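**Q** Quick one: structure below, then a few questions.
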Amino acid sequence: MGVALRDILADYKIPVTAEELTGVAAVDAFNALYQFLSIIRQPDGTPLMDDEGRVTSHLSGIFFRTANLLQQGIRPVFVFDGAPPEMKTNTIQERRNIREESKEKWDKAKREGDLSGAFRYAMSSSALDSHVISSARTLIGLMGLPVVEAPSEGEAQAAYMALKGDVDYVVSQDYDTLLFGTPVLIRNLTISGKRRIHGRQVTIQPERVNLVEVLQNLDITREQLIDIAILTGTDFNPGIRGIGAKTGLKKVKSGDFDAIIRDKLPDFDPDPIRDFFKNPPVTDSYSTQSSPVDRDGLLSFLCEEYGFSPDRVIPVLDKIAKKEKQKTLESWF
1 MGVALRDILA DYKIPVTAEE LTGVAAVDAF NALYQFLSII RQPDGTPLMD
51 DEGRVTSHLS GIFFRTANLL QQGIRPVFVF DGAPPEMKTN TIQERRNIRE
101 ESKEKWDKAK REGDLSGAFR YAMSSSALDS HVISSARTLI GLMGLPVVEA
151 PSEGEAQAAY MALKGDVDYV VSQDYDTLLF GTPVLIRNLT ISGKRRIHGR
201 QVTIQPERVN LVEVLQNLDI TREQLIDIAI LTGTDFNPGI RGIGAKTGLK
251 KVKSGDFDAI IRDKLPDFDP DPIRDFFKNP PVTDSYSTQS SPVDRDGLLS
301 FLCEEYGFSP DRVIPVLDKI AKKEKQKTLE SWF
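Counted from 1, the sequence shown has number 48 at position 48 by full-length UniProt numbering; the numbering is strictly sequential.
Here is the structure:
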């Protein structure tokens, strides 16, 4: 879900090209996997599957999209979520309920021949199970890219890595990453290009959000941005009905945050949420170093185990190998 800060951040989302994003990117892995599972589907919403009925939409997304990023000089580091905090329990259950309800609506739409409705409901039914997560990790490793295991929220770990300077920016669709302190958030990177949305084709372009620019232009601190998020709702609290981002901004800047909480939510203590965003569980036990692509391993994994077409996979591997060779030659000069 993330936080509903779009209305106050719209003016600070700057379109960028791939050429401007050359460097090391910490990718919120769960966020990217949800995107691939949601978007890469057949017209009736059915995900891509192998002959055994195992979902492969996420593998297609990781392999082909990551190969494109590597070609553009962007080196991803995939950060996976760890154990969620107890404060997130209600949100997790709500998301589970939404998925189950969407699955029922998807099945009904398919029976009725409503393809557009079926696809829409199918997108909301996407779930990350153990197969999706483990197979994603395997594929990323075979591509020679680092996997970082966060102790808790992946966005928090990614932001920490950006703050340390170990990565150049964080890739996620959710604005939570800004609350965790990432200096630069890049949205739409893993889904950029032409997409069909609500029955029409649109072009989605990567966009950059710079935290310092946001805070300076809104004339607030990061702590105040967190308070705005708490008023509108986060993954750890439902927020206050009727308060959106713009109203939240006004209330926080006028110093009314505490009074609103006492009046509307007298039994709610915002301090644990504030502290979690400012001091989340993170680890220094990670590496951002890549390794050579395991060409034979990828062919075996994708083509032999999951039934991908060698005619599609091999040309991509050739492009990656060419890029790796080019980088090796450049390192000599």
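For each residue, glycine too, the CB sits at the ideal point set by N, CA and C.
Everything numeric in this text was worked out from a predicted model, so none of it was measured.
Indicate whether the contact test is met: 3 or more Cβ pairs, each with one atom in the stretch 108-126 and one in the stretch 41-48, closer than 8 Å.
**A** The stretch 108-126, when compared against the stretch 41-48, does touch it at the 8 Å Cβ threshold.
**Q** Does the Cβ of PRO15 have 16 or more other Cβ atoms within 10 Å, making it buried, or fewer, making it exposed?
**A** Mapped onto the sequence shown, residue 15 falls at position 15. So PRO15 ends up on the exposed side.
**Q** Using 8 Å as the threshold, is the stretch 255-274 in touch with the stretch 104-115, meaning 3 or more CB pairs across them?
**A** Touching, no.
**Q** Ordered along the chain, which non-local residues of its own chain (more than five positions away) have a Cβ less than 8 Å from that of TYR12?
**A** Within the sequence shown, residue 12 is the residue found at index 12, counting from 1. So the qualifying residues of the chain are VAL209, ASN210, GLU213, VAL214 and ASN217.
**Q** For a test of the three-state rule: what should DSSP assign to ASN97, helix, strand or coil?
**A** As a first step, residue 97 must be located in the sequence shown, where it is residue number 97. The answer is helix: DSSP assigns ASN97 an H, G or I state.
**Q** Let me confirm a value: ASP227 is counted as buried when at least 16 other C-beta atoms fall within 10 Å, else exposed. Which label applies?
**A** Here the question's residue 227 lines up with position 227 in the sequence shown. ASP227 is buried by the Cβ-count criterion.
**Q** Here's the rule I'm using: 16 or more other beta-carbon atoms within 10 Å means buried, otherwise exposed. How should ASP28 be labelled?
**A** Counting from one through the sequence shown, the residue named residue 28 turns up at place 28. With 16 or more other Cβ atoms within 10 Å, it is buried.
**Q** Can you pull the DSSP bridge partners for THR234?
**A** Translated into the one-based positions of the sequence shown, residue 234 becomes position 234. Beta-bridge pairing links THR234 to ASN237.
**Q** By Cβ distance below 7 Å, which residues in the same chain neighbour GLU330 in space, the five residues on each side in sequence not counted?
**A** On the sequence shown, residue 330 is found 330 positions in, with the first residue counted as 1. Annotation note: pLDDT 48 at GLU330 (below 50); position unreliable, no value reported.
**Q** Using a Cβ-Cβ cutoff of less than 8 Å, which residues in the same chain neighbour ASP219 once the five nearest sequence positions on both sides are dropped?
**A** Taking the first residue of the sequence shown as position 1, residue 219 is located at position 219. Once the five neighbours on either side are set aside, the close Cβ partners of ASP219 are LYS253.
**Q** Measure the alpha-carbon distance for ARG222 versus ASP294 and round it to whole angstroms.
**A** Locating residue 222 in the sequence shown gives position 222, where the first residue counts as 1. Locating residue 294 in the sequence shown gives position 294, where the first residue counts as 1. Whole-angstrom Cα-Cα distance: 42 Å.
**Q** Apart from the five residues on each side of it in sequence, which residues of its chain come closer than 8 Å, Cβ to Cβ, to TYR169?
**A** On the sequence shown, position 169 is the one that residue 169 refers to. Answer for TYR169: LEU21, GLY23, ALA25, ALA26, ALA162, THR182, PRO183, VAL184, LEU185, ILE186 and ARG208, listed in chain order.
**Q** Helix, strand or coil for THR203 per DSSP?
**A** As a first step, residue 203 is located in the sequence shown; it is residue number 203 there, counting from the start. Of the three classes helix, strand and coil, the one that applies to THR203 here is strand, per DSSP.
**Q** Which residue or residues does DSSP assign as beta-bridge partners of TYR169?
**A** Counted from its first residue, the sequence shown places residue 169 at position 169. BP columns for TYR169 point to ALA25.
**Q** DSSP puts PHE80 in a beta bridge; with which residues?
**A** Against the sequence shown, residue 80 aligns to sequence position 80. Paired residue(s): GLU149.
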